[in-house]
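Going letter by letter, the sequence shown gives residues 21 to 199 in the working numbering.
Cβ coordinates follow ideal geometry from the N, Cα and C atoms, glycine included.
Note that the coordinates shown come from a computational prediction; the quantities given were computed from them, not determined experimentally.
Single-structure report; data block below.
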Amino acid sequence: MVSKESCLLCQIIEGKIASKKIYEDDLVLAVLDVNGANPGHCFVMPKNHHPILEQIPDFEVSRLFQTANRISSAIFENLGVQGTNLFVTNGVPAGQTVAHFMIHIIPRKENDGINLEWAPKQLTEEEMSTVELKIKEQAKNIGDFKTGEEEKVIKQPPPAPSQSSEDDDYFSKQLERIP
Ligand SMILES: [Zn+2]
């Protein structure tokens, strides 16, 4: 895997490579794709260097997909398109070419010549049941989502120690704020 220093997307995030920025906040950056499939094709990426989806903390995943959804809405409202594809290549066999996660947002019109279709693979009933059970077994543990809110509480600076009663009061008020 490519290191952060030689990562193309990290260089865009750091401003070493010029880009057309659509949206930016503390966690994510969205830019127009210079090799876009259609006008308005953009992608949103985490500012932290995460090669694949599985390595990204839940609260960053939330921000990435929420941002992609809003950009998709902006494309709908302002580019006169009839649809969008939100597209992820997760891993080299899936077509990933840059080792930094991103979500593509591709504006779509009827008959625009973009082909994301595939021929269905016919599985036997037994094959279907086998894959169903394998995924289900692992999926039992889904649901313990981290919001990132806990982190913000921990980051509050602790009050300076003091002997005065006023400051003791302040200290206990601060403690009450920690759930
Ligand atoms: Zn990177």
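Compute the Euclidean distance between the alpha carbons of residue i and residue j, then round it to the nearest angstrom.
{"i": "Gln116", "j": "Glu145", "result": "32 Å"}
{"i": "Gln31", "j": "Glu25", "result": "8 Å"}
{"i": "Gly19", "j": "Ala114", "result": "Only positions 21 to 199 of the chain appear in this structure, which leaves residue 19 out of reach."}
{"i": "Gly111", "j": "Ile72", "result": "7 Å"}
{"i": "Leu153", "j": "Lys160", "result": "11 Å"}
{"i": "Lys75", "j": "Ala139", "result": "The question names Lys, yet the displayed sequence has Gln at residue 75. Between Gln75 and Ala139, the C-alpha separation is close to 31 Å."}
{"i": "Leu29", "j": "Asp164", "result": "30 Å"}
{"i": "Thr167", "j": "Gln86", "result": "13 Å"}
{"i": "Glu147", "j": "Lys141", "result": "11 Å"}
{"i": "Cys27", "j": "Asp53", "result": "16 Å"}
{"i": "Lys40", "j": "Ile33", "result": "11 Å"}
{"i": "Ser23", "j": "Gly100", "result": "39 Å"}
{"i": "Gly35", "j": "Ser149", "result": "49 Å"}
{"i": "His70", "j": "Ile37", "result": "19 Å"}
Less than 8 Å between the CB atoms is what I'm expecting for residue i and residue j, so what's the real figure, rounded?
{"i": "Pro66", "j": "Phe121", "result": "6 Å"}
{"i": "Val64", "j": "Ala88", "result": "5 Å"}
{"i": "Asn58", "j": "Ile134", "result": "7 Å"}
{"i": "Ile91", "j": "Ile42", "result": "6 Å"}
{"i": "Asn105", "j": "Leu136", "result": "6 Å"}
Using CA atoms only, rank isn't needed, just tell me which of the options is closest to residue i.
{"i": "Ala119", "options": "Ala159, Asn68, Tyr43", "result": "Asn68"}
{"i": "Leu84", "options": "Cys62, Gln102, Leu143", "result": "Cys62"}
{"i": "Gly103", "options": "Glu157, Asn131, Thr109", "result": "Asn131"}
Inset, instruction - Take every Cβ of the region 111-129, pair it with every Cβ of the region 92-99, and state whether three or more of those distances are shorter than 8 Å. - result: Three or more beta-carbon pairs separated by less than 8 Å link the region 111-129 to the region 92-99, which places the two stretches in contact.
Inset, instruction - Evaluate contact between the region 46-66 and the region 79-93, counting only Cβ atoms and requiring at least three cross-stretch pairs below 8 Å. - result: yes
Legend entry - 4-residue-minimum alpha helix (DSSP H) runs that sit fully inside the region 66-116, ordered along the chain: Counting whole runs of 4 or more residues, the region 66-116 contains the alpha helix (DSSP H) stretches 78-99.
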